[in-house]
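Protein chains in written order, with UniProt numbering: chain A, 1 to 412; chain B, 1 to 152.
For every residue, glycine included, the Cβ atom is placed at its ideal position computed from N, Cα and C.
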Amino acid sequence: MKKPSKKSEIEYCKVCRLHHDHGSRHKYFPRHKYLLSTFLDRFRTKIADVRFFLKNPSVLRPQEQSQNRVWCVFCDEDIVELGSSFACSKAINHFASSDHLGNIKQFLSKNGPAMDCIDDFRITEANVAKWEKKCQSLGNEDASSFKGSCEQLSGTSNDIHNKLAFKTMDKIENVPAHHINVLPLQYNTNEYQISHSELPGVAHYGSYLNMDASHLPLRTDPPTNLPGNGFGKHSIPFRSKDYPSNQEEENKQIKGSYSSPVMTSISSSHSSDACGNVHSGAPPPWLDANDGNSSNVQLNQSDMSSFQAKIPGKTRKLNPNRVGAAWAERRKIEMEMEKRGHAMNSKVDADWLPNFGRVWQSGTRKESRKEFEKEKRKLIKTESISTESEPVEIQPYISKRARRESGENGSG
Amino acid sequence: MSSFLLKTLTKKEEIDRIIRDTIDEVLVLRFGRCTDTVCLQHDDILAKSVTDVSKFAKVALVDVDSEDVQVYVKYFDITWFPSTVFFFNAHHMKLDSGTADHTKWVGAFHIKQDFIDVVEAIYRGAMKGKMIVQCPVPPERIPKYQLLYKDV
């Protein structure tokens with residue numbers, strides 16, 4: 001005999017974001033497995049960003065400390081880098097801690113999958129030690145090179161884009177208004193956005209800093225085709241191929257730079273003069289193509305034809321078992337032929353009746369139609385008979401007794 | 001007013017044409033008089049809902065006072081006005097609303113949503129090959145009437 005399944009308590013699954021009473025079976029459900037894989041992949045990308053800074057430690061400026069934060073899904077806490085001098089230092093220490101490891105194990109045992117992916121979500125102490133050494137060496141170099149890099153870059157730059165770009169990044173408030181029309185977003189508001197953005201101008205804590213300049217879509221474009229928010233060509237931070245050697249310092253400079261959306265401007269010179277546009281009041285191109293005939297045709301169509309189904313346009317496959325499918329296909333072909341101008345016997349019989357199941361008839365619909373036609377014929381017959389026959393004289397009723405008495409009186 | 005927005009049919013040919021030309025969409029034919037108050041209410045609901053159902057349904061009004069249309073009034077056994085008959089690909093669709101007559105909807109709809117739900121139910125049933133569908137309108141909003149056989 002099958003044991004009745006135990007009713008478990010209602011629990012909340014962090015992965016699926018729903019309450020359930022499946023108990024321990026829930027982690028084997030396919031939907032949960034799928035959501036878990038996406039959940040863990042998202043966290044893996046965050047860890048990858050932090051691991052980048054593990055390999056390449058960099059100084060964290062005080063104004064960017066509040067922006068540099070990571071949410072740990074296993075420990076359910078937000079790691080903010082307040083008071084830390086290097087990027088992601090608190091995050092690195094957290095991911096290396098034993099509490100975090102314990103939480104990972106607990107999460108994986110509760111939600112699956114197997115424990116072999118623990119190392120994906122933590123940082124080993126050996127790596128932390130290496131990172132600390134690098135930080136120490138960096139701390140010594142940083143003080144001397146930090147100031148020099150800015151002048152060096154601006155001095156060697158012949159590219160006006162970068163020159164003003166660095167100025168705007170450091171002293172954005174002091175840029176005169178005529179250089180940029182709109183103040184760009186100074187800092188990235190969402191770390192997730194940063195790590196997944198594909199913007200060339202964004203320097204973030206992730207892997208794009210290692211991106212080869214060939215990945216930048218605009219490296220060889222002439223100035224007219226630069227992306228922009230309408231700022232003007234000169235105010236866009238643009239990482240060009242000209243500075244491969246100074247990439248490291250550049251990263252420090254443009255850390256926390258604003259994100260500009262990648263837009264390509266289309267030169268409007270070729271289209272503006274010929275046909276006009278919406279602003280000049282020119283007619284739209286689709287009307288021009290038909291010389292306005294189609295619009296007239298639309299207006300002059302009869303109301304009945306507006307009820308016609310849009311046959312050529314509908315390309316989606318319809319259920320072949322739907323009601324009246326065979327009739328519909330035949331009718332579509334007929335209508336197509338009529339449209340093409342083929343002489344079809346399209347005159348509908350005056351006695352045509354649709355398929356209808358009547359109220360007081362039983363049996364099939366064909367039978368109900370036949371019965372109706374029979375009734376109609378009978379009605380016509382009776383009407384014709386009544387009109388053809390002579391008018392009947394109406395006489396008063398004489399009872400049998402009265403007739404007998406009158407007969408007796410007559411004979412007697 | 002809604003008769004200006006919806007097509008009114010007065011001849012059998014027009015009704016035949018609209019039935020034959022509506023393909024893969026529900027055809028809603030309202031049989032009634034444009035002067036009757038209940039018909040007016042019904043037409044108002046239809047006119048307001050016609051755009052919402054335009055992708056899968058067409059609505060037309062039939063004037064029962066027209067001589068030409070009497071054959072359909074008899075064929076469809078229409079005794080109450082307004083009566084709404086549903087077609088899909090020239091096949092009549094029946095609606096089981098718990099009333100005596102499953103072949104049509106008798107009376108006016110209370111709200112737009114009821115009409116839209118009915119048309120949607122018919123469309124879904126028709127696409128699955130059903131010729132009779134369950135009415136999704138709750139019983140309190142279904143008009144009640146007595147169905148008489150030849151005035152008996």
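* Out of B/Q70, B/I142, B/S97, B/F115, point me to the one whose CA is closest to A/L353's CA. => B/Q70
* What residue ranges within the stretch 88-152 of chain B form continuous alpha helix (DSSP H) runs of no fewer than 4 residues, ordered along the chain? -> 112-127
* **Cutoff 8 Å: A/K332 Cβ touching any chain B Cβ** => Yes, because at least one Cβ of chain B sits closer than 8 Å to the Cβ of A/K332.
* Asked: Closest by CA to A/N321, which one among B/G129, B/Q146, B/E140, B/P138?
  -> B/G129
* Pairwise C-alpha distance: A/E383 and B/T8 -> 31 Å
* Proximity test, Cβ basis, 8 Å: B/G98 and chain A -> no
* Beta carbon of B/V106, beta carbon of B/Y145: below 8 Å? -> yes
* To do: State the CB to CB distance for the pair B/D43 and B/L61, rounded to an integer number of angstroms; the pair is presumed to be in contact (CB under 8 Å).
  => 7 Å
* Asked: Is any beta-carbon of chain A found at less than 8 Å from that of B/R20?
  -> yes
* To do: Measure the beta-carbon distance from A/V323 to B/D77 and round it to whole angstroms, keeping in mind my assumption that it falls under 8 Å.
  => In fact, because the Cβ distance is near 21 Å, the residues do not count as touching under 8 Å.
* Beta carbon proximity, B/T103 to chain A, threshold 8 Å -> Answer yes: the Cβ-Cβ gap between B/T103 and chain A drops below 8 Å somewhere.
* For B/L147, count neighbouring C-beta atoms within 10 Å of its own C-beta (all shown protein chains included) and say buried if the count is 16 or more, exposed if not. => exposed
* To do: Please compile the residues from chain B whose C-beta is within a distance smaller than 7 Å of the C-beta of A/W327.
  => N89, A90
* Using a Cβ cut-off of 8 Å (strictly closer), state whether B/L5 contacts chain A. => no
* Since A/D78 is in the beta strand (DSSP E), which residue starts that stretch and which ends it? -> 77-80
* Excluding the five sequence neighbours on either side, which residues of its own chain have a C-beta within less than 6 Å of the C-beta of A/Q65, listed in chain order? -> E81, L82
* Asked: Given A/V73, which residues of its chain have a CB within under 6 Å of its CB, disregarding the five upstream and five downstream residues?
  -> In its chain, beyond the 5 residues on either side, F43 have a beta carbon closer than 6 Å to the beta carbon of A/V73.
* Taking A/L108 as part of the alpha helix (DSSP H), name the residues at either end of that continuous run. => 98-111
* Asked: Roughly how many angstroms separate the alpha carbons of A/E371 and A/G341, rounded to a whole number?
  -> 38 Å
* Chain-ordered chain A contacts of B/A57 [CB-CB under 7 Å] -> In chain order: nothing, as chain A lies at least about 11 Å away.
* To do: Note down, in chain order, each residue of its chain lying with its Cβ closer than 7 Å to the Cβ of B/I19, except the 5 sequence neighbours on either side.
  => L27, F87, A90
* **Nearest-angstrom Cα separation, counted from A/K33 out to A/V59** => Rounded to whole angstroms, A/V59 to A/K33 spans 39 Å at the Cα level.
* Asked: What does B/F86 touch in chain A if you count any residue whose Cβ is under 8 Å from its own?
  -> Simply none; closest approach about 11 Å.
* Closer than 8 Å, CB to CB, is B/K11 near chain A or not? -> It does not; no Cβ of chain A falls within 8 Å.
* Neighbourhood of A/N355 by C-beta distance below 6 Å, restricted to the same chain and skipping five residues each side -> If we look at A/N355 and ignore the five residues flanking it on each side, its Cβ neighbours are R365.
* **Positions along the stretch 47-61 of chain A whose CB lies within less than 7 Å of some CB in chain B** => Of all residues in the stretch 47-61 of chain A, none has a Cβ within less than 7 Å of some Cβ in chain B.
* Is the Cβ of A/G341 closer than 8 Å to any Cβ of chain B? -> Not an interface residue.
* Closer than 7 Å: is that where the CB of B/G129 sits relative to any heavy atom of the ligand ADP? -> With respect to small molecules bound, the structure shown includes none, and the ligand ADP cannot be examined in it.
* With distances taken between CB atoms, is the gap from B/K104 to B/V85 smaller than 8 Å? -> yes
* Using a threshold of 8 Å, state whether the C-beta atoms of A/L101 and A/R69 are closer than that. => no
* Asked: On the three-state DSSP scale, how would you describe A/N68?
  -> coil
* Asked: Between A/F238 and A/K46, what straight-line distance do the alpha-carbon atoms span, to the nearest angstrom?
  -> Any reading at A/F238 is ruled out, since the residue's pLDDT is 42, under 50, leaving its predicted position unreliable.
* Asked: Does the separation of the CB atoms of B/Y123 and B/A57 fall below 8 Å?
  -> yes
* **Residue range of the beta strand (DSSP E) that includes A/C16** => Looking at the DSSP string, A/C16 is not in any beta strand (DSSP E), and its letter there is neither H nor E.
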